[in-house]
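2 protein chains.
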Amino acid sequence: MSTIRVVVAGYGNVGRGVLASLENNPDMVLAGIVSRSPERVKKEISNVPVLLMNDIEQWVSELRPDVAILCGGSKNDLPEQTANICRFVNTVDSFDNHSCIPQYFEKVNTAATASGKVSVISTGWDPGVFSMERVLANSFLPGSRAYGFYGLGENGGLSMGHSDALRTIAGVLDARQYTHAIHASIDKVRNGENPAFTPGDMHERVCFVVAAPDADKEKITAEIVNMPGYFAPYKTTVNFVSAEELKEKYSGFPHDGLVVASGITGKGNPAGIEYRCQWGSNPEATANILVAHARAAVRLANEGRKGAFTILDIPPAYFSTLSKEELLKHWM
Amino acid sequence: MSTIRVVVAGYGNVGRGVLASLENNPDMVLAGIVSRSPERVKKEISNVPVLLMNDIEQWVSELRPDVAILCGGSKNDLPEQTANICRFVNTVDSFDNHSCIPQYFEKVNTAATASGKVSVISTGWDPGVFSMERVLANSFLPGSRAYGFYGLGENGGLSMGHSDALRTIAGVLDARQYTHAIHASIDKVRNGENPAFTPGDMHERVCFVVAAPDADKEKITAEIVNMPGYFAPYKTTVNFVSAEELKEKYSGFPHDGLVVASGITGKGNPAGIEYRCQWGSNPEATANILVAHARAAVRLANEGRKGAFTILDIPPAYFSTLSKEELLKHWM
Chain A
24 MSTIRVVVAG YGNVGRGVLA SLENNPDMVL AGIVSRSPER VKKEISNVPV
74 LLMNDIEQWV SELRPDVAIL CGGSKNDLPE QTANICRFVN TVDSFDNHSC
124 IPQYFEKVNT AATASGKVSV ISTGWDPGVF SMERVLANSF LPGSRAYGFY
174 GLGENGGLSM GHSDALRTIA GVLDARQYTH AIHASIDKVR NGENPAFTPG
224 DMHERVCFVV AAPDADKEKI TAEIVNMPGY FAPYKTTVNF VSAEELKEKY
274 SGFPHDGLVV ASGITGKGNP AGIEYRCQWG SNPEATANIL VAHARAAVRL
324 ANEGRKGAFT ILDIPPAYFS TLSKEELLKH WM
Chain B
24 MSTIRVVVAG YGNVGRGVLA SLENNPDMVL AGIVSRSPER VKKEISNVPV
74 LLMNDIEQWV SELRPDVAIL CGGSKNDLPE QTANICRFVN TVDSFDNHSC
124 IPQYFEKVNT AATASGKVSV ISTGWDPGVF SMERVLANSF LPGSRAYGFY
174 GLGENGGLSM GHSDALRTIA GVLDARQYTH AIHASIDKVR NGENPAFTPG
224 DMHERVCFVV AAPDADKEKI TAEIVNMPGY FAPYKTTVNF VSAEELKEKY
274 SGFPHDGLVV ASGITGKGNP AGIEYRCQWG SNPEATANIL VAHARAAVRL
324 ANEGRKGAFT ILDIPPAYFS TLSKEELLKH WM
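Shown next, in the form of structure tokens:
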């Protein structure tokens, strides 16, 4: 297997996670980092080239990547970057604004199809692996509905996408958003009720926000709780905290989640499917999944495929470093 | 979507489960049943044609199936049937003798490639969905190992493959095999030890056997505990019971299982992935999965693909009745 050359586009928490993940994936090598602020990144990184993200043709020519892993946020970064970058190189991203995925797919698919590149969109935990588990559960239990829950533990799970969204609000210096599953709703699914939940029936959102000294906290709160898609559909609690308190109590990235489906087989035998994950570091989890999808993107491209893909379009073996022979012999 | 015409080949517990499952999958229709004993099946079935399994060209011509779901046992039926039937029609099967899968794949792949048909092999719970979950966990957590455990409850889980294997032994009139997970081993995996288990470290096997009146029970016991692949690697307990006791206490098909993997992300953050299922009817569970794979087999064939496939080779969307637009809009 020839080594896959990876460019990391965007050097935040997920980008750092991708760098760490590449160390654990011997079939891949970091070709370089591209950023909107290369000088900032160069303070931390000296062993690989760091180039300006907007100079796409230049860094593609210079770094010769097989794939770029796009690590920007879903609110402002990816909607602008992905369709441009996939004109020149295969890409993978974790665009996570669920309600906008169809339009995002369409835009990226048009660009990637025209350029003959592969662009795997919206992968990570959810959308991503959880999407796949929901579709599989529904396929194997027709008539059932599969549900994704996050933050089953006492402290909930940290959502990077929602934290990013908070930080885009004027007057917000820093913020973390913890998602809490509503356990009574999980019980309803396990009981086989196949309930028709609104998003707000399944989760609550708890925000810890550091506001600028002169910021209007009421205005920030209103902007948060009314943000479409991210917060408007949920019971949302906004707590203003000091930068010190945020760092001390809320600096980790723990995350956990559950996909759960109940249904019947045949004429009424009960059936249940559950998929759980627990992560010490949510961005590193996303990074690990992005890296496996980067491998798949290169394989798809090597087959002459082009356009936008999601995890639903990719055979599972494409994520693995293992050979077909090894998979048949030891993993079936 | 045009309706998929399905032939069910073999009318045992899984075959009955497939018939029930087809009722819940409105994109499919039962074209007929083929059996080695059509007269026996006709006593139960009158609404569709029942033909002789060995007359393959005749029933393919008469029933015009898009796919045949092969519901025979792995020990004697499928090794002989699959490579013959896939010369004439796309097939799906649940061949579950793990150690023989590479040779089985090779033989079926040669036949299906020559005939231009698609043959999806070795699907169901394990091998099948559990295989996929093991490979995905390993891909997303490099360096981890993913493990499959069965029968976590007090009564264990009923293994159809192993029960079939028992019934092939001379002097055995009927039998059930319950698999029991060794819980201390699950705990080792959850603790992140990534242990190197032998099969016998993970499961025990408990057999309930009805022997013929004149049978040599010691000989049967010896034949069971020494059967390669199925029983030899495990601590196996053989209990001889009456036909009445077997029917009263062991006639259900409950089943449950767990895939569990622990590892790290980055430089040492803990990570855990678990996939669980619980089934009131194991053969109906296998049947539901076979039916979803039959849909995928037809789609692969419609794309001009040919040869043998496992679940690892199939994009998850191929199992679903939902359109691409619906999946992007509501399931990602």
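Note that the protein sequences, when read in sequence, are chains A and B. Our numbering puts the first residue of the first sequence at 24, with every later residue one more than the last. Our numbering puts the first residue of the second sequence at 24, with every later residue one more than the last. Note that beta-carbon positions come from the ideal geometry of N, C-alpha and C, so glycine has one too.
- Glu297 (chain B) has a beta carbon lying within less than 9 Å of a beta carbon in chain A.
- Not flagged as an interface residue toward chain A: Arg322 (chain B), since no C-beta distance is shorter than 9 Å.
- The beta carbon of Asn47 (chain B) falls within 9 Å of a beta carbon belonging to chain A, placing the residue at that interface.
- In the DSSP assignment, Phe276 (chain B) falls outside any beta strand (DSSP E), carrying neither H nor E.
- Taking 9 Å as the CB threshold, Ser304 (chain B) lines the interface with chain A.
- Here Asn70 (chain A) carries a coil assignment [DSSP, helix/strand/coil].
- By a beta-carbon distance limit of 8 Å, Val30 (chain B) contacts Pro88 (chain B). Their separation comes to about 4 Å.
- Separation of the CB atoms of Ile337 (chain A) and Pro338 (chain B) is rounded to 6 Å, and the pair is thereby assigned contact status at 8 Å.
- The beta carbon of Ile27 (chain B) lies closer than 8 Å to those of Asp50, Met51, Val52, Asp89, Val90, Ala317, Arg318 and Val321 in the same chain, with the five residues before and after it left out.
- The segment 131-141 of chain B and the segment 65-81 of chain B do not touch, with fewer than three beta-carbon pairs separated by less than 8 Å.
- When DSSP assignments are scanned along the segment 239-265 of chain A, the uninterrupted stretches of alpha helix (DSSP H) that are 4 or more residues long and fall wholly within it turn out to be 240-248.
- In the pairwise beta carbon analysis, the segment 207-221 of chain A is classified as touching the segment 280-289 of chain A: at least three pairs are separated by under 8 Å.
- Listed along chain A, the residues sitting closer than 8 Å to Arg157 (chain B) by beta-carbon distance are Trp354.
- Leaving aside the five residues that flank Asp119 (chain B) on each side, the residues in its chain whose CB is nearer than 7 Å to its CB run, in chain order, Ser97, Ser145, Gly147, Pro150 and Gly184.
- The C-alpha of Ile108 (chain A) lies about 12 Å from the C-alpha of Val143 (chain A).
- Here the segment 323-335 of chain B makes no contact with the segment 186-206 of chain B; the two share fewer than three CB pairs at distances below 8 Å.
- For Ala134 (chain B), no Cβ of chain A is located within less than 9 Å of the residue's own Cβ.
- Excluding its 5 nearest sequence neighbours in each direction, Asp279 (chain A) has C-beta neighbours in its own chain below 8 Å: Tyr173, Gly174, Leu175, Gly176, Gly180, Arg299, Cys300, Gln301 and Trp302, listed in chain order.
- In its chain, beyond the 5 residues on either side, Tyr170 and Ser208 have a beta carbon closer than 8 Å to the beta carbon of Phe220 (chain A).
- Annotation: Cβ neighbours of Leu350 (chain A) in chain B (cutoff 9 Å, chain order): Ser154, Val158, Thr333 and Leu335.
- When DSSP reads this structure, Trp302 (chain A) sits in a beta bridge with A:His278 and B:Ala294.
- Burial of Asn48 (chain B) is indicated by the presence of at least 16 other C-beta atoms within 10 angstroms of its C-beta.
- Not flagged as an interface residue toward chain B: Asn70 (chain A), since no C-beta distance is shorter than 9 Å.
- Listed along the chain, the chain A residues whose CB falls inside 8 Å of the CB of Leu164 (chain B) are Asn311.
- Contact check for Thr259 (chain B) against Gly40 (chain A) fails: the beta carbons are separated by 9 Å or more.
- Interface criterion not met: the Cβ of Pro251 (chain B) is under 9 Å from no Cβ in chain A.
- A Cβ of chain B is located within less than 9 Å of the beta carbon of Ala43 (chain A).
- Ile92 (chain B) and Val73 (chain B) do not touch by the CB rule: their CB atoms are close to 15 Å apart, not below 8 Å.
- Annotated three-state conformation of Arg318 (chain A) is helix, per DSSP.
- The beta carbons of Phe332 (chain A) and Val141 (chain A) sit about 6 Å from each other, so the pair counts as a contact at 8 Å.
- When rounded, the separation of the alpha-carbon atoms in Leu42 (chain B) and Val314 (chain B) is 10 Å.
- Relative to Asn262 (chain A), the option among A:Arg213, A:Leu189, A:Pro165 and A:Gly215 whose CA is nearest is A:Leu189.
- Val152 (chain B) and Ser162 (chain B) have their C-alpha atoms spaced approximately 15 Å apart.
- Between Leu351 (chain B) and Pro125 (chain A), the C-beta spacing is below 9 Å.
- In chain order, Ile144, Ser145, Ala331 and Thr333 place their CB closer than 8 Å to the CB of Phe128 (chain B), counting only its own chain and leaving out the 5 sequence neighbours on each side.
- The contact set of Cys300 (chain B) on chain A, defined by CB atoms closer than 8 Å, consists of Ala294, Gly295, Ile296 and Glu297 in chain order.
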